[in-house]
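Report on the structure given below.
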Amino acid sequence: LTKLDAYGITADLPPGFEGRIFRRTPAPGERTYAVAQFATFALPPTVADFGNGAVELMSATDIFAVLFEYGPESAHNSLFRVPTIPRRLAGDHFVPTVLRRALPGQSGTQWFFTESSRPFTLYAVLGSHRARATLVPSINTLLAGISIKSGAT
Amino acid sequence: MLALLIAVICAVALLTVLVAGLLRSHADILRALHSLGAGVGDPARRADGDEHQDRPRTAATSMATYGAPLAGERSTKAHDLIGVTPEGTAIALAVNGPGRLTLLAFLSSGCVSCRRFFDELADPKGVGLPSRVRVVAVTKGPEHESAPEVAALAGRRMTTVMSSDAWSDYEVPGSPFFALVDGDAQRRIGEGVGGAPAQVADLVRRALADREALGRTGSARNGSGSGSEAVIGLSGPAREADNDRRLIQVGVLPGDASLYPSTLADIFATSEREASAG
């Protein structure tokens, strides 16, 4: 397995996955937090936080997933009350209407949670909603290899 | 008598000092050879503490090695890349996997001839590369390269990975150097240097054409392309073992007379007989 580690996020990438972990350069007066992107296809050099610029390149067998961190003040918000990263997604968690950019055939899911006192959202996209039964186990394998440490951002 | 005894003792002491000096000099020479990578024993083991101490010692690594490995000695294995981008993003890039075809351009900010590659490979179609080829610039890690300089050269138009491990994994002799990786076969199908981006693109097109031709040949011979493709790229002991396996499969065992031809007739007799029969 390929191990990717930055900003307190560690990912053991399953075969065929690639990934990036970064933090945007903040504008004056802004604070930015960690973003981790994972994909089973070649990510282009520049991708928006939630995959704009990448999801258009997905084939029916591809997966894209992002972990996006929010400011620590959000950890107390009820939206982030789930205490850990979801690791066992199911096919019926994915629906086309969740997509931030609606593309024919694709579907997505989004979860908010807090892990190690750090609030995150997990957003995942399947290249083909019809193939969700075969694609979701790969996402779960990816999620099983992700760990988040506290206070690293 | 006493004088003779003293003289012998002095001579023995002098010889002891001389032998000790010679042994020390010999040890210094061996240490220097080790540090140059040409010593007896594992040349990767450095005199000042080995950076590869966990590397298993094998017969191959115990032999003296001089210079870079020859083409036939190089591995064709494809390694996924792990490093950082010039902007500081941690990045893991997969080159192995179905449908992936990656051109790794090993470049350096200090190499003048690399600048043209940084500029022109950002537009792969412009230099004539097939659209299915992903181009990735690979420089050494930030411990050897200036990240701002690499960022200035590469811009954000081309995926750039800074990774000294990748240079080591792909046995890069210097920059610019290129490796074409076939993700389906999980191996390099071409590598070498190129003088200009268009020349590299031409070599890539040729490598892909060769691969497709070999695939067709394999399909015709074996009913599928996989058997033929599995053999391509074998070298050294692996190639020899594959040859042995194939000979044994057709009944040619060690010591078989056909392995030791004494005249040309021994080699060509079969084809001549077939020709005359036809």
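Sequences listed follow chains B and H, in order.
The working numbering numbers the first residue of the first sequence as 60 and each following residue consecutively.
The working numbering numbers the first residue of the second sequence as 780 and each following residue consecutively.
Every residue, glycine too, gets a C-beta built ideally from N, C-alpha and C.
Using a Cβ cut-off of 7 Å, pull out every chain D residue sitting near residue i, in sequence order please.
i: residue 79 of chain B; result: Absent from the structure is chain D; the protein chains it does hold are B and H.
Take the Cβ of residue i as the centre, count every other Cβ of all protein chains shown within 10 Å, and call the residue buried at 16 or more, exposed below.
i: residue 789 of chain H; result: exposed
i: residue 931 of chain H; result: exposed
i: residue 780 of chain H; result: exposed
i: residue 985 of chain H; result: exposed
i: residue 132 of chain B; result: exposed
i: residue 954 of chain H; result: buried
i: residue 1036 of chain H; result: exposed
i: residue 808 of chain H; result: exposed
i: residue 861 of chain H; result: buried
i: residue 979 of chain H; result: buried
i: residue 961 of chain H; result: buried
i: residue 864 of chain H; result: buried
i: residue 1022 of chain H; result: exposed
i: residue 793 of chain H; result: exposed
i: residue 784 of chain H; result: exposed
i: residue 202 of chain B; result: buried
i: residue 154 of chain B; result: exposed
i: residue 795 of chain H; result: exposed
What does residue i touch in chain B if you count any residue whose Cβ is under 8 Å from its own?
i: residue 941 of chain H; result: The premise fails here: residue 941 of chain H is roughly 13 Å from chain B at the closest Cβ pair, so nothing lies under 8 Å.
i: residue 935 of chain H; result: 104 and 105
Compare the beta carbon distance of residue i and residue j with 8 Å and say whether it is the shorter of the two.
i: residue 204 of chain B; j: residue 64 of chain B; result: no
i: residue 882 of chain H; j: residue 983 of chain H; result: yes
i: residue 114 of chain B; j: residue 162 of chain B; result: yes
i: residue 972 of chain H; j: residue 956 of chain H; result: yes
i: residue 150 of chain B; j: residue 189 of chain B; result: no
i: residue 100 of chain B; j: residue 116 of chain B; result: yes
i: residue 167 of chain B; j: residue 157 of chain B; result: yes
i: residue 859 of chain H; j: residue 69 of chain B; result: no
i: residue 873 of chain H; j: residue 76 of chain B; result: yes
i: residue 78 of chain B; j: residue 120 of chain B; result: no
i: residue 906 of chain H; j: residue 918 of chain H; result: no
i: residue 936 of chain H; j: residue 901 of chain H; result: yes
i: residue 896 of chain H; j: residue 880 of chain H; result: no
i: residue 884 of chain H; j: residue 916 of chain H; result: yes
i: residue 80 of chain B; j: residue 93 of chain B; result: yes
i: residue 122 of chain B; j: residue 194 of chain B; result: yes
i: residue 112 of chain B; j: residue 103 of chain B; result: yes
i: residue 970 of chain H; j: residue 988 of chain H; result: no
i: residue 888 of chain H; j: residue 925 of chain H; result: yes
Just the C-alpha distance for residue i and residue j, rounded to the nearest angstrom, thanks.
i: residue 129 of chain B; j: residue 178 of chain B; result: 6 Å
i: residue 169 of chain B; j: residue 199 of chain B; result: 14 Å
i: residue 834 of chain H; j: residue 944 of chain H; result: In this prediction, residue 834 of chain H has a pLDDT of 44, which is less than 50 and means its spatial position is unreliable; what the coordinates show is noted afterwards. Cα to Cα, residue 834 of chain H sits roughly 15 Å from residue 944 of chain H.
i: residue 904 of chain H; j: residue 105 of chain B; result: 18 Å
i: residue 127 of chain B; j: residue 1025 of chain H; result: 54 Å
i: residue 1027 of chain H; j: residue 1033 of chain H; result: 8 Å
i: residue 909 of chain H; j: residue 990 of chain H; result: 14 Å
i: residue 88 of chain B; j: residue 981 of chain H; result: 50 Å
i: residue 1038 of chain H; j: residue 1029 of chain H; result: 13 Å
i: residue 143 of chain B; j: residue 174 of chain B; result: 5 Å
i: residue 942 of chain H; j: residue 146 of chain B; result: 31 Å
i: residue 799 of chain H; j: residue 968 of chain H; result: 54 Å
i: residue 828 of chain H; j: residue 160 of chain B; result: Model confidence at residue 828 of chain H stands at a pLDDT of 42, short of 50, so the residue's coordinates are unreliable; what they give is reported in the following sentence. Near 54 Å, if we compare the C-alpha coordinates of residue 160 of chain B and residue 828 of chain H.
i: residue 878 of chain H; j: residue 74 of chain B; result: 14 Å
i: residue 1042 of chain H; j: residue 891 of chain H; result: 56 Å
i: residue 137 of chain B; j: residue 66 of chain B; result: 24 Å
i: residue 894 of chain H; j: residue 1020 of chain H; result: 43 Å
i: residue 1017 of chain H; j: residue 801 of chain H; result: 43 Å
Using a Cβ cut-off of 7 Å, pull out every chain B residue sitting near residue i, in sequence order please.
i: residue 938 of chain H; result: 104
i: residue 859 of chain H; result: 61
Could you tell me if the beta carbon of residue i falls within a distance shorter than 7 Å of some heavy atom in the ligand FAD?
i: residue 944 of chain H; result: Of the ligands one can find in the structure shown there are none, so the ligand FAD has no counterpart to examine.
Please list the partners that residue i has in chain H, where partner means a Cβ-to-Cβ separation under 7 Å.
i: residue 75 of chain B; result: 873 and 876
i: residue 192 of chain B; result: Going along chain H, no residue has its Cβ under 7 Å from residue 192 of chain B, so there is no contact; the nearest lies around 19 Å.
i: residue 203 of chain B; result: Those within 7 Å of residue 203 of chain B in chain H number zero; the least Cβ separation is about 17 Å.
i: residue 65 of chain B; result: 869
Taking Cβ-Cβ distances shorter than 8 Å, what residues in chain H pair up with residue i?
i: residue 113 of chain B; result: Neighbours of residue 113 of chain B on chain H: none; closest Cβ ~12 Å, over 8 Å.
Cβ closer than 9 Å: which chain B residues qualify as neighbours of residue i?
i: residue 895 of chain H; result: Ordered by position in chain B, no residue passes the 9 Å Cβ test against residue 895 of chain H, which lies about 19 Å from the chain.
What residues from chain H crowd round residue i, counting only those whose CB sits closer than 9 Å?
i: residue 72 of chain B; result: 859, 871 and 873
Q. Given a limit of 7 Å on CB to CB distance, which residues of the region 85 to 111 of chain B reach chain H?
A. 101, 104 and 105
**Q.** Members of the region 901 to 928 of chain H near chain B, C-beta cut-off 8 Å
**A.** 913
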